[in-house]
Structures are given as structure tokens and as C-alpha cells.
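A.B. asks:
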Amino acid sequence: MKIVRVGVVGLGTMGAGIAQVCLQAGFEVVGREVEPEHGERARERIDHYLARGVEKERLTQDEKDAALGRLTLTTELADLADCQLVIEAAFEDLAVKRELFGELDRIAPPPAILATNTSALSVTQIADATQTPERVVGMHFFNPAPVLPLVEVVRTARTSDEAFETAFAFAQQLGKEPVACNDTPGFIVNRILIPLLNDCVRVLDEARVSPEDVDRAMRFGVNWPIGPCALIDLIGIDVHVHASEALHGALGEERMAPPERLLEMQREGNLGRKTGQGFFTYD
Ligand SMILES: NC(=O)c1ccc[n+]([C@@H]2O[C@H](COP(=O)([O-])OP(=O)(O)OC[C@H]3O[C@@H](n4cnc5c(N)ncnc54)[C@H](O)[C@@H]3O)[C@@H](O)[C@H]2O)c1
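Take 58 as the starting number for the sequence shown in my numbering and just add one per residue.
1. Should residue 154 be counted as a contact of ligand 1 given a C-beta to heavy atom distance under 8 Å?
2. How big is the Cα-Cα spacing for residue 223 and residue 209?
3. Does ligand 1 have even one heavy atom less than 8 Å from the beta-carbon of residue 289?
4. I'd like the list of long-range same chain contacts for residue 291, defined as Cβ closer than 7 Å, with 5 residues on each side in sequence excluded.
5. Please state whether DSSP places residue 158 in a helix, a strand or coil.
6. Which residue's Cα is closest to the Cα of residue 188: 249, 267, 325 and 215?
7. Any idea what DSSP makes of residue 255, helix, strand or coil?
8. With H, G and I counted as helix, E and B as strand and the rest as coil, what does DSSP make of residue 238?
9. Compute the distance between the beta-carbons of residue 182 and residue 151, then report whether it is under 9 Å.
10. Going by the CB atoms, is the gap between residue 165 and residue 137 shorter than 9 Å?
11. At a cut-off of 8 Å, is residue 148 close to ligand 1 when judged by its beta-carbon and the heavy atoms of the ligand?
12. Can you confirm whether the stretch 159-176 touches the stretch 85-92 when touching is taken to mean that 3 or more C-beta pairs between the two stretches lie within less than 8 Å?
13. Helix, strand or coil for residue 207? Go by DSSP, reduced to three states.
14. Could you pull the start and end residues of the beta strand (DSSP E) that residue 142 belongs to?
15. Return the first residue and the last residue of the alpha helix (DSSP H) that residue 224 is part of.
16. Sort 247, 264 and 77 by Cα distance to residue 296 and report the nearest one.
17. Is there contact between the stretch 247-262 and the stretch 301-316, where contact requires at least three CB pairs shorter than 8 Å?
18. With DSSP run on the structure shown, which of helix, strand or coil describes residue 170?
19. Give a yes or no on contact between the stretch 62-77 and the stretch 140-147, applying the rule of three or more CB pairs nearer than 8 Å.
20. Where do the N-terminal and C-terminal ends of the beta strand (DSSP E) with residue 404 fall, by residue?
21. Is there contact here, the stretch 255-263 with the stretch 279-291, by at least three beta-carbon pairs under 8 Å?
22. At which residues does the beta strand (DSSP E) containing residue 72 begin and terminate?
23. Have a look at residue 171 and residue 278 and give me their C-alpha separation to the nearest angstrom.
24. Who are residue 212's beta bridge partners in DSSP?
25. Could you pull the start and end residues of the beta strand (DSSP E) that residue 91 belongs to?
26. In whole angstroms, give me the CA-to-CA distance for residue 109 and residue 174.
27. In the DSSP assignment, find the unbroken alpha helix (DSSP H) run with residue 273 in it and report its ends.
28. May I ask which residues mark the beginning and end of the alpha helix (DSSP H) holding residue 180?
29. Write down every uninterrupted run of the alpha helix (DSSP H) in the stretch 283-317 whose length is 4 residues or greater and which is fully enclosed by it, in chain order.
30. Residue range of the beta strand (DSSP E) that residue 67 falls in?
Here it is as C-alpha cells:
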């Protein structure tokens with residue numbers, strides 16, 4: 058099946074980034090948000106990042122105009138009927154995603170592929186809300202989607218080879234670096250990274266080290282390009298806590314539970330870069 062038109066459900070941080078990547082790779086995108094203003098905000102964000110690309114001579118003005126011309130916004134899921142692939146990037150909530158997939162199953166008939174960008178939910182449980190779980194995959198992009206090359210392409214026990222291979226090839230067409238993965242909690246990166254980052258946070262209190270020094274230790278001792286505290290600030294304290302709780306709930310290892318220090322930062326509204334204050338202060 059040739060993919061020409063891609064539906065993106067939810068145009069928040071991830072959905073807008075995924076839509077941008079698809080547009081830049083030459084695909085038509087139908088973006089669905091719950092309110093028209095949310096969709097317009099996403100279009101403005103994509104416009105802004107593409108304009109920066111033009112300034113930096115990564116694309117021409119004509120290419121930018123053509124990319125934006127391929128974007129259609131809607132609040133109606135029914136407008137995704139003629140998409141060959143739908144990527145869902147709505148709220149990280151199983152009930153929301155199951156309801157969406159139940160509707161998408163009726164609206165976008167096979168062989169269209171239905172993909173979820175969930176970070177921490179079970180793709181199998183999402184697929185079970187459809188009558189056609191063989192065409193459901195995970196396509197887990199990383200934030201910011203236009204910048205980070207990895208896409209974890211996740212298959213459940215019921216995903217067909219055809220759906221999986223089409224999704225994998227599509228990620229390659231986007232210029233991404235897809236990695237195949239089975240539907241297990243945290244997939245690859247979060248399964249490894251979340252407990253590791255939580256350990257870094259625990260070291261702050263156990264060894265009485267400053268965030269600056271933990272970051273220096275991991276940058277200069279392990280050659281990490283960014284320190285763990287700066288990375289959690291970038292991810293967002295709330296996003297990291299949510300993913301930690303999900304992983305802890307699924308696998309039960311103590312290291313996966315969010316450290317008290319992060320819960321406190323969340324209660325105080327210090328969510329990292331997006332609020333200007335996390336482990337570090339941002340302008
Ligand atoms: N933020 C990250 O670092 C990151 C990374 C990888 C994956 N994810 C996953 O991507 C998904 C979206 O996360 P986000 O950070 O972009 O969240 P976000 O809150 O920025 O965006 C979610 C968007 O979905 C919209 N939405 C909610 N319900 C909807 C519905 N029924 N139909 C259409 N739109 C709906 C909201 O209006 C909002 O704009 C989640 O599953 C999350 O786990 C997030």
C-alpha cells in the first residue's frame with residue numbers, strides 16, 4: 058500500500074512535530090484537534106519551525122510553502138477516512154486512546170494502518186479496542202520529533218507482518234532511524250532511561266551532590282552529551298513522573314517509581330524548561 062495521506066490525531070507537542078516531519082517528507086497531512094484554536098496553534102508552530110529552517114537554509118521558501126500547503130486541519134475524525142496511515146498523538150490516557158481507536162477502526166477501513174505514539178501504555182490494550190488489531194502498531198517518536206531520528210516501531214502479538222513492515226518503511230521514508238520492538242513496558246529507550254534517570258536524581262540526595270555536579274559527572278565521566286538533570290528539565294518533570302509511574306505500575310521495580318524530589322518539583326509547578334524552572338533556571 059502506498060501512503061499518500063497521513064492522519065495525525067492530537068496536535069500537541071508530539072503531534073505537531075510528527076505532522077511537520079510528514080509534511081517535510083512530502084506527505085499530505087490531515088491533523089485533527091479537539092478545538093479549532095488548538096489546530097491553528099499547531100499550524101503556527103509548524104510555520105515557525107519551517108521558517109527557521111528557511112533562515113538556516115535547510116529548505117527553500119517554496120518548499121516551506123508547499124509543505125504547509127499539504128496540511129489540512131479538522132476537528133472531525135471522519136475527515137481521516139481516506140488516510141492510509143493514522144498516527145495518534147493525543148493525551149496519554151488509555152480510555153481516550155481506546156475510544157479514539159474504536160472510532161478510527163470504523164472511519165479508516167483496512168488496509169489503512171493505525172499507529173499510536175504512546176510512550177508508556179500497552180499498544181496491545183489500545184489495539185484491543187478495534188475489530189482489526191492486526192493493523193495496529195506503535196510508532197514512538199521522540200521529542201522534538203523533527204530533530205530526534207529514532208522511531209521505535211512497536212508490534213503486538215497480533216500485528217500483521219504487512220502492517221509492521223509498512224510502518225517501518227514509512228519511518229524510513231520520513232528520514233528517521235526506525236528500530237523494531239515488541240510491545241513491552243517502556244519499549245526500548247524508556248525501559249532503560251527512566252530508571253537510570255531516577256537513579257541520577259536519587260544520587261543528588263544520597264550523595265549530597267548538586268544537579269550541576271551530577272550533570273558534570275555524567276558528561277565528563279561517561280561522555281553524555283547532556284547531563285541527566287538538564288535532560289529531565291528538557292523532557293518535563295511531569296512527563297517524566299508520568300512515565301515513571303506507568304513503568305513502575307507495569308513492572309513493579311522500585312527504581313522505576315518517581316523519586317520524592319521529582320514529585321515535590323511537580324507539586325510546586327517547577328516542571329523544567331517549559332515553566333522556566335526545574336533543576337535549573339531558564340529565561
Ligand atoms: N512529550 C513527550 O516527550 C513525548 C514523547 C514521546 C511520546 N509522547 C506521547 O505522545 C502523546 C502526546 O503527548 P504530548 O506530549 O504531545 O501531549 P500534549 O498534551 O502536548 O498534546 C496532546 C494533544 O492531544 C489533544 N487531544 C486530546 N484528546 C484528543 C482527542 N480525543 N482527539 C484529538 N486530539 C486530542 C490535546 O488537545 C492536545 O493538544 C502521548 O501519548 C505521549 O505519551 C510524548
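Where a beta carbon is used, it is the ideal one built from N, C-alpha and C, also for glycine.
Every value quoted in this text rests on a predicted model; they were computed, and no experiment measured them.
C.D. replies: In terms of the structure at hand:
1. Yes, the beta carbon of residue 154 sits closer than 8 Å to at least one heavy atom of ligand 1.
2. Residue 223 and residue 209: Cα-Cα distance of roughly 14 Å.
3. No.
4. Cβ contact annotation for residue 291 (same chain, cutoff 7 Å, sequence separation greater than five): 329 and 330, in chain order.
5. Of the three classes helix, strand and coil, the one that applies to residue 158 here is helix, per DSSP.
6. Distance check between residue 188 and each of 249, 267, 325 and 215 places 215 closest, using alpha-carbon atoms only.
7. Note: residue 255 maps to helix in three-state DSSP.
8. Residue 238 carries a strand assignment under DSSP once its states are collapsed to helix, strand and coil.
9. The answer is yes: Cβ separation under 9 Å.
10. Here residue 137 is near residue 165, since their CB atoms are less than 9 Å apart.
11. It does: the Cβ of residue 148 is within 8 Å (strictly closer) of some heavy atom of ligand 1.
12. These segments do not touch.
13. Look at residue 207 here: in three-state DSSP terms it is strand.
14. DSSP places residue 142 in the uninterrupted beta strand (DSSP E) bounded by 142-145.
15. Per DSSP, the continuous alpha helix (DSSP H) segment holding residue 224 begins and ends at 218-230.
16. Considering only alpha carbons, the answer is 247.
17. Contact holds: three or more Cβ-Cβ distances are below 8 Å.
18. DSSP places residue 170 within a strand segment (E or B) once states are collapsed to three.
19. Counting Cβ pairs under 8 Å, three or more are found: they touch.
20. The shown model of the chain, from 58 to 340, leaves out residue 404, and the question about it has no answer.
21. They touch, by the three-pair rule.
22. Unbroken run through residue 72 is the alpha helix (DSSP H), 70-81; no beta strand (DSSP E).
23. Rounded to whole angstroms, residue 171 to residue 278 spans 42 Å at the Cα level.
24. Bridge pairing for residue 212: 239 [DSSP].
25. Taken as a continuous stretch (DSSP letters only), residue 91 belongs to no beta strand (DSSP E), as it is neither H nor E.
26. If you take the alpha carbons of residue 109 and residue 174, they lie about 26 Å apart.
27. Residues 268-279.
28. Taken as a continuous stretch (DSSP letters only), the alpha helix (DSSP H) holding residue 180 covers 180-184.
29. Segments of the alpha helix (DSSP H) lying fully in the stretch 283-317: 285-292 and 294-308.
30. Neither: residue 67 is in no beta strand (DSSP E) and is coded neither H nor E.
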